[in-house]
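As structure tokens, the structure follows; a few thoughts come after it.
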């Protein structure tokens, strides 16, 4: 399966979804007002991935900041993965945050409460 890749910009995160390894990475800041192109690309890619998934799927989130529209987009992605998890697939979320950024740590815990997927928390080095 072809990987999904968006390069990091000033207002958008790096996105790298690799179907062969099951690694889904979102890294950086997201100030995007129009998240629809990213959202459509990611959800479309995930639907294809769910047809022939890797044995283990890991969503790695290394996010510095999310505005409201980007936060909503992330929730939608987590809900898609949650459905996949509920059907018995091996899914984990790795939430990494700056050790001095309590808001991002709290955001990870809030998201964890919204889904059944297990979360692992770590500090960015």
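Residue numbers (UniProt numbering): 1 to 125.
Cβ atoms here follow ideal geometry from the backbone N, Cα and C, with glycine treated the same way.
Apart from sequence neighbours up to five positions away, the residues of its chain that approach residue 41 with a beta-carbon distance below 7 Å are 4, ordered along the chain. One Cα belongs to residue 91, the other to residue 26, and the distance between them is close to 15 Å. By the neighbour-count criterion, in which 16 or more other beta carbons inside 10 Å mark a residue as buried, residue 15 falls on the buried side.
Taking all protein chains shown into account, residue 122 has fewer than 16 neighbouring C-beta atoms within 10 Å of its C-beta and is therefore exposed. Residue 54 holds the alpha-carbon nearest to the alpha-carbon of residue 88 among 105, 107, 29, 54. The beta carbons of residue 63 and residue 30 sit closer together than 9 Å.
Exposed is the label assigned to residue 44, since fewer than 16 other Cβ atoms lie within 10 Å of its Cβ. Taking C-alpha positions only, residue 34 is separated from residue 68 by approximately 11 Å. With a contact defined as Cβ atoms closer than 8 Å, residue 1 and residue 19 qualify at about 3 Å. In the three-state scheme derived from DSSP, where H, G and I count as helix and E and B as strand, residue 100 is classed as coil. Look at residue 30 here: in three-state DSSP terms it is strand.
Inside the UniProt domain "SiaC family regulatory phosphoprotein" (7-121), DSSP marks whole beta strand (DSSP E) runs of 3 or more residues at positions 14-18, 23-30, 56-66, 90-97, from first to last along the chain.
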